[in-house]
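A.B. asks: Numbering (the UniProt record's numbering), first residue to last: 1 to 336. Every residue, glycine too, gets a C-beta built ideally from N, C-alpha and C. None of the values given here were measured: they were computed from a predicted structure.
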Amino acid sequence: MLKPRATRDPLHEPLPFRDALAVWFGQNGRDYPWRRTTDPWAVLVSEVMLQQTQIATVLGRGYYTRFLSLFPDPATLAVAEDEPLLKAWEGLGYYRRARMLRETARAVTAAGGFPDSLDTLQKLPGIGRYTANALRAFAHDRPAAVVDGNVARVLARLLDYHHAVDSPSGLKHLWEVAERLADPHRPRIYNSAIMELGQTFCRPGVPDCLACPVSAFCKTPEPSALPVKTAKPKTERIHTHVLWARDRMGRILLHQEQGKRRQGLWKLPERTPEETADLPEIATRTYGITRFHVTMHIHECADAPAREGESWHPEEAIATLAMPSPYRKAVEALLA
DNA sequence: CATGCGTGGCT
DNA sequence: TAGCCAAGCAT
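1. From 268, 305, 85 and 204, pick the residue whose C-alpha is nearest to that of residue 332; which is it?
2. Output the residue ranges of the alpha helix (DSSP H) runs that lie fully inside the UniProt domain "HhH-GPD" (49-200) and measure 4 residues or longer, sorted by chain position.
3. Threshold first: 4 residues or longer. Then list the alpha helix (DSSP H) segments lying entirely within the region 206-290, N to C.
4. Which stretch, first to last residue, makes up the alpha helix (DSSP H) that contains residue 332?
5. Beta-carbon within less than 6 Å of residue 322's beta-carbon, same chain only, minus the 5 sequence neighbours each way: which residues are those?
6. Let me know the secondary structure DSSP gives residue 295 once reduced to three states.
7. Return yes when at least one heavy atom of the ligand COA lies under 8 Å from the C-beta of residue 131, else no.
8. Under 8 Å: do the region 174-190 and the region 138-148 share three or more Cβ pairs, one atom per stretch?
9. Counting along the chain, where does the beta strand (DSSP E) carrying residue 34 start and finish?
10. Tell me, to the nearest whole angstrom, how far the beta carbon of residue 220 is from that of residue 167; I am working on the premise that it is less than 8 Å.
11. Report yes or no: do the region 54-69 and the region 207-223 share at least 3 C-beta pairs separated by less than 8 Å?
12. Excluding the five sequence neighbours on either side, which residues of its own chain have a C-beta within less than 7 Å of the C-beta of residue 124, listed in chain order?
13. I'd like to know whether the C-beta atoms of residue 197 and residue 50 end up nearer to each other than 9 Å.
14. Could you give the first and the last residue of the continuous beta strand (DSSP E) run that contains residue 310?
15. Once DSSP output is grouped into helix, strand and coil, what is the label at residue 13?
16. Touch check for the region 9-17 and the region 201-213: three-plus C-beta pairs under 8 Å?
17. Can you tell me whether residue 241 is buried or exposed? The criterion is at least 16 other CB atoms within 10 Å of its CB, across all chains shown.
18. For residue 65 and residue 34, I'd like the C-alpha separation in whole angstroms.
19. Within 10 angstroms of the Cβ of residue 133, are there 16 or more other Cβ atoms? Answer buried if so, exposed if not.
20. To the nearest angstrom, report how far apart residue 72 and residue 114 are at their CA atoms.
21. Whole-angstrom Cβ separation of residue 181 and residue 10, contact assumed at under 8 Å?
22. From residue 246 to residue 233, what distance separates their C-alpha atoms?
23. Please tell me whether residue 238 and residue 313 are closer than 9 Å, where the distance is taken between their beta carbons.
24. Under 9 Å, do residue 281 and residue 300 count as touching if we go by C-beta distance?
25. Which value, in whole angstroms, describes the spacing of the CA atoms of residue 41 and residue 94?
26. Of all the options 262, 6, 165 and 254, which has the alpha carbon lying nearest to the alpha carbon of residue 96?
27. Near residue 289, which residues of its chain fall below 6 Å by C-beta distance, leaving aside the five closest residues on each side in sequence?
28. Return yes when the Cβ of residue 74 is within less than 9 Å of the Cβ of residue 157, no when it is not.
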């Protein structure tokens with residue numbers, strides 16, 4: 001891996017660093033729909049959708065455009081029911097984001113508009129330090145710095161920073177650096193540029209330092225070794241047993257989540273291994289969720305008493321319900 | 001401060 | 001295949 005030697009320090013010479021980023025971005029910046037608007041609502045929707053979610057997912061499957069046509073302003077989302085909201089979010093994951101976005105829409109609607117102070121923005125549900133600053137930079141073009149996964153990687157390499165970037169102390173340091181580096185005169189361009197740099201040249205694994213517009217400012221001799229992250233617990237293999245139950249009318253038994261996290265989503269009813277031991281297993285599916293590798297065993301039964309939170313649904317109604325992806329796929333395969 | 005939260009693409 | 005990673009946040 002060939003990498004040009006660092007000849008300049010971005011913290012010591014922030015002006016040429018910002019210029020190099022701005023020039024490159026001005027000629028090569030990508031055209032995303034959320035870069036074509038300054039509407040705080042449209043920007044907020046994009047930022048929340050993009051939390052821990054790749055651009056290709058949000059764009060490729062049309063989530064962003066569809067969501068904004070369904071909920072074009074905060075007042076519309078503020079009065080939306082669970083079902084259309086969760087359905088619009090189906091497949092994006094982290095479903096709590098959708099509910100928190102509606103809570104924020106209600107607060108903004110009640111207040112008659114978006115707050116402009118960083119502290120007030122950060123008190124809104126689902127808006128943390130990153131999203132609050134992103135709103136200020138991308139919607140209002142006001143001085144702000146952001147640290148997301150891309151920026152953390154870029155800064156760690158620029159500074160040859162070998163502490164864990166996902167630890168609280170590491171993040172604190174990176175935010176301080178980010179605020180010193182950020183361009184106070186071109187917040188929108190600067191923040192767009194440094195994030196896009198992390199998606200393109202300064203990508204995870206082996207970066208493309210030879211083409212990087214700021215390689216002269218980059219201190220690390222071994223970029224592929226950065227950033228350092230805290231060790232994650234090893235994936236655990238677990239098994240679940242669910243029912244594929246249809247009554248005499250052909251209706252399907254489903255369970256609606258009640259907890260804090262996935263409230264409102266519909267799943268196949270779960271039973272203990274003992275309860276399904278005598279039922280024929282008609283399919284198994286595997287999927288990953290957080291730190292678990294799940295093998296879902298699907299058992300067929302003609303009928304079953306509905307328990308708390310469970311109800312029967314005609315086949316035509318299934319498509320209108322919001323289901324987590326693994327269950328959506330399982331149901332579609334079983335109905336095919 | 002560590003952990004849980006979804007999903008899909010890439011290595 | 002298994003692990004890593006992504007425009008983080010709340011608890």
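C.D. replies: On the basis of the data shown:
1. Looking at the Cα atoms, 268 is the closest of the given residues.
2. 55-60, 63-70, 74-78, 82-89, 96-111, 118-123, 129-134, 149-159, 168-181 and 187-199
3. 273-276
4. 325-335
5. For residue 322, where only same-chain residues beyond five positions count, the Cβ hits under 6 Å are 86, 87, 90 and 265.
6. Under the three-state reduction of DSSP, residue 295 is assigned to strand.
7. Among the components of this structure there are no ligands whatsoever, and the ligand COA is therefore not found.
8. yes
9. Element bounds for residue 34: n/a, residue is neither H nor E.
10. Not confirmed; about 19 Å, so no contact.
11. no
12. 104 and 107
13. Contact: no.
14. 310-313
15. coil
16. no
17. Flag for residue 241 reads buried.
18. Roughly 10 Å between the two C-alpha positions.
19. buried
20. 15 Å
21. 6 Å
22. 39 Å
23. no
24. yes
25. 20 Å
26. Among 262, 6, 165 and 254, the Cα nearest to that of residue 96 is on 262.
27. none
28. Cβ distance not < 9 Å, so residue 157 and residue 74 don't count as in contact.
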